[in-house]
Every structure is written in C-alpha cells, then in structure tokens.
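J.:
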Amino acid sequence: MNNKQYVTSEVEFFTEDKLDAMDLQARADKLQQTEVKRLIKFLNAVRQLTAAEYKELTYNDVDIRFRADEALRVLGRSMDTDYEPVLAQFFGFDQDNELVGLAFHYLAMQWRRPLPYADQIRHYVWGGEFDPARHASYNAIRAAGEYLAQTNCQDRQLLKKLLLIATASTPDEFEIGFFDDEQVLGPDIEKEVPYGTVPIECAVQALYRASSGKRWDFMTPREKHVDIPDPDVLFDKIRKILASPVETT
C-alpha cells in the first residue's frame, strides 16, 4: 500500500463523527492514545502527499481537506505540546494553506508559542502567489502581533509590514482578501464585509497587541475583534516605536 492509498483508507476510519468525538475528548483532556497515534500517522502521511495527489483527494469523494483540517484541530485543542512537531510540519504545505493557517492559529496564538516560528511568520505575513486565498497570511498577521508583543517590538521590519497592511486605504492597495467568517469576525459583525478588509482590520488588531503587550488569551472578545480605540492614535504610536532605538535585553 503506497502513501496515497494509506491516506484514502484511513479516511474511512476518521469519519466526521469520529473526529467530532475526538474533538470533545481533546477539549476534556481525555484523548485515547491509541487513536491519537493513528491520527498522527494519518497527518504525517497527508503531509507527504504531492500537490497532485492532494488535489485529487480533495476534489473527489475522499475530501481529504476536511479530514486533515479536523484532525489538526483535534491536536491543537488538546494543548499538548508533545504534538507540536505534527502541527509545525504543515508550515510550507503549499498544497493547502488553510492547514498552514491552522498551524499558526494553534502554535502561535492558542499555545502562545510564536517565537520558534518567527521565520515562518515573516515568510507568510505578506502573502504571495503561494497563498492566493491568503489563508496562511491572514493567520500569520495575527501571529505577528503575538510575536511582537512577546518580544517588545524588536523586529522593526515586521512591525513596519503590519503598519503598511493596517493603513492600506483600500483592499486594492493591499491585495489581500478573506471571506467573512463569524468565528473570525465575531457574532456582532455585519456579514456584508467588503472584500479584502478583514486582513487590514486584523493587522490593526495585531498592532494593538504588539504595542500594548497584551497576550491574545488576556484580551477581551471585543479587543480581539473590533474594539480597537482610535486607530490613528495607534498608528502614531507605532511610528514612534519604529523611529526609536531597538531595546535589547
């Protein structure tokens, strides 16, 4: 059995119901290690799929994208750092940048470990042809805010990139877009969001985290989403930081 055949066969085991059950177990810290080992082996095999194989398994009845997405969420929600290498291996998985985004979401944000992934944050934050839907760069922007908050904004080049994104006057000025999502925007946000504005808004939030030093898990839901006071004042504060000497520890 080759790698592609193995992945296909494991999809029959990791059904939607099975992954939902494992997700509940992860939240309660009750994952069964036998099943986790099988899940990790499955994700490792997914990571080894070629672009052509992954595309084929995504657009047929197997739907590998959904299975891999949910499998990563199970490990991420467990908050168990023993699984960190499994999540981290999906950085650079250009076959599906949604999975790259999930790696950022859990490792850098939920687990508060952006520092080991500084190079990956710098690579993805600006986006590019390798990330046409900007799934990875959107989450890299969020991770950049956490990284800068934890390092006292020492990476001035990264801070400047966030400022450029946040101050783009139109989505066309900074060519980036993301579909509106209640989980991302919060339940109080209007659903008719202009194309491209979400990452710009996200960069504003990241700058707020960076300048205030507030960690993601210490922020209120409103702070995490839209309640960023006086953006122009915030931007002036960031410009002052950029003009000041870098503090070393």
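According to my numbering, numbering within the sequence shown proceeds without interruption in unit steps and concludes at 265. Note that beta-carbon positions come from the ideal geometry of N, C-alpha and C, so glycine has one too.
What are the boundary residues of the alpha helix (DSSP H) that F30 is part of?
T.: Segment: none, F30 is in no alpha helix (DSSP H) and carries neither H nor E.
J.: Round the Cβ separation of V23 and V62 to the nearest angstrom and send it over; I've been treating them as touching at under 8 Å.
T.: With a Cβ gap of about 6 Å, V23 and V62 count as contacting.
J.: Go through its chain and collect everything with a Cβ distance to L14's Cβ below 6 Å, but skip five positions before and after it.
T.: Given a span of 17 to 265 for the chain in the structure shown, any question on residue 14 remains unanswerable.
J.: Work out the CA separation of G144 and A226 for me, nearest whole Å.
T.: A226 and G144: Cα-Cα distance of roughly 24 Å.
J.: Among residues of its own chain, excluding the 5 on either side of F30, which ones have a beta-carbon nearer than 6 Å to its beta-carbon?
T.: R83, listed in sequence order.
J.: According to DSSP, is D135 part of a helix, a strand, or is it coil?
T.: It is helical.
J.: Between the alpha carbons of D110 and L175, how many angstroms are there, rounded?
T.: Cα to Cα, the separation comes out at about 25 Å.
J.: Could you tell me which uninterrupted alpha helix (DSSP H) segments, each at least 4 residues in length, are contained entirely in the stretch 116-176, listed from first to last along the chain?
T.: Runs found: 134-140 and 151-166.
J.: Going along the chain, which residues of its own chain have a beta-carbon closer than 7 Å to the beta-carbon of L47, five neighbours each way excluded?
T.: So the qualifying residues of the chain are M38, Q41 and S94.
J.: Since G117 and H151 are thought to touch, with beta carbons under 8 Å apart, how far apart are those beta carbons, to the nearest angstrom?
T.: The Cβ separation is near 4 Å, so the contact holds.
J.: Which term fits Q21, buried or exposed, when burial requires 16 or more other beta carbons within 10 angstroms of its beta carbon?
T.: Q21 should be labelled exposed.
J.: Distance check for K256 and A44, CA to CA, integer angstroms please.
T.: Their Cα atoms are separated by approximately 45 Å.
J.: Considering only the beta carbon of each residue, do A119 and A104 sit closer than 8 Å?
T.: Cβ distance < 8 Å, so A119 and A104 count as in contact.
J.: Buried or exposed for Q49, going by 16 or more other Cβ atoms inside 10 Å?
T.: Answer is exposed; the Cβ neighbour count stays below 16.
J.: Which first and last residues belong to the alpha helix (DSSP H) in which N60 is found?
T.: Looking at the DSSP string, the run of the alpha helix (DSSP H) that includes N60 is Q49 to R63.
J.: Can you give me the start and stop residues for the alpha helix (DSSP H) that K253 sits inside?
T.: Residues P247 to A259.
J.: Please identify the residue among N113, T97, W142 and Y154 whose C-alpha is closest to the C-alpha of R129.
T.: Nearest of N113, T97, W142 and Y154 to R129, Cα basis: T97.
J.: Can you give me the C-alpha to C-alpha distance between P148 and Y70, rounded to a whole angstrom?
T.: Straight-line Cα distance between these residues: approximately 17 Å.
J.: Near E100, which residues of its chain fall below 7 Å by C-beta distance, leaving aside the five closest residues on each side in sequence?
T.: These residues qualify, in order along the chain: L123.
J.: At the level of alpha carbons, what is the spacing between L180 and F251?
T.: The alpha-carbon atoms of L180 and F251 are separated by roughly 10 Å.
J.: Please look up how many angstroms separate the CB atoms of L91 and I80, rounded, as I've assumed it's under 8 Å.
T.: That pair is no contact at about 17 Å.
J.: Applying the criterion that 16 or more other CB atoms from any shown protein chain within 10 Å of the CB defines a buried residue, is F146 buried or exposed?
T.: Flag for F146 reads exposed.
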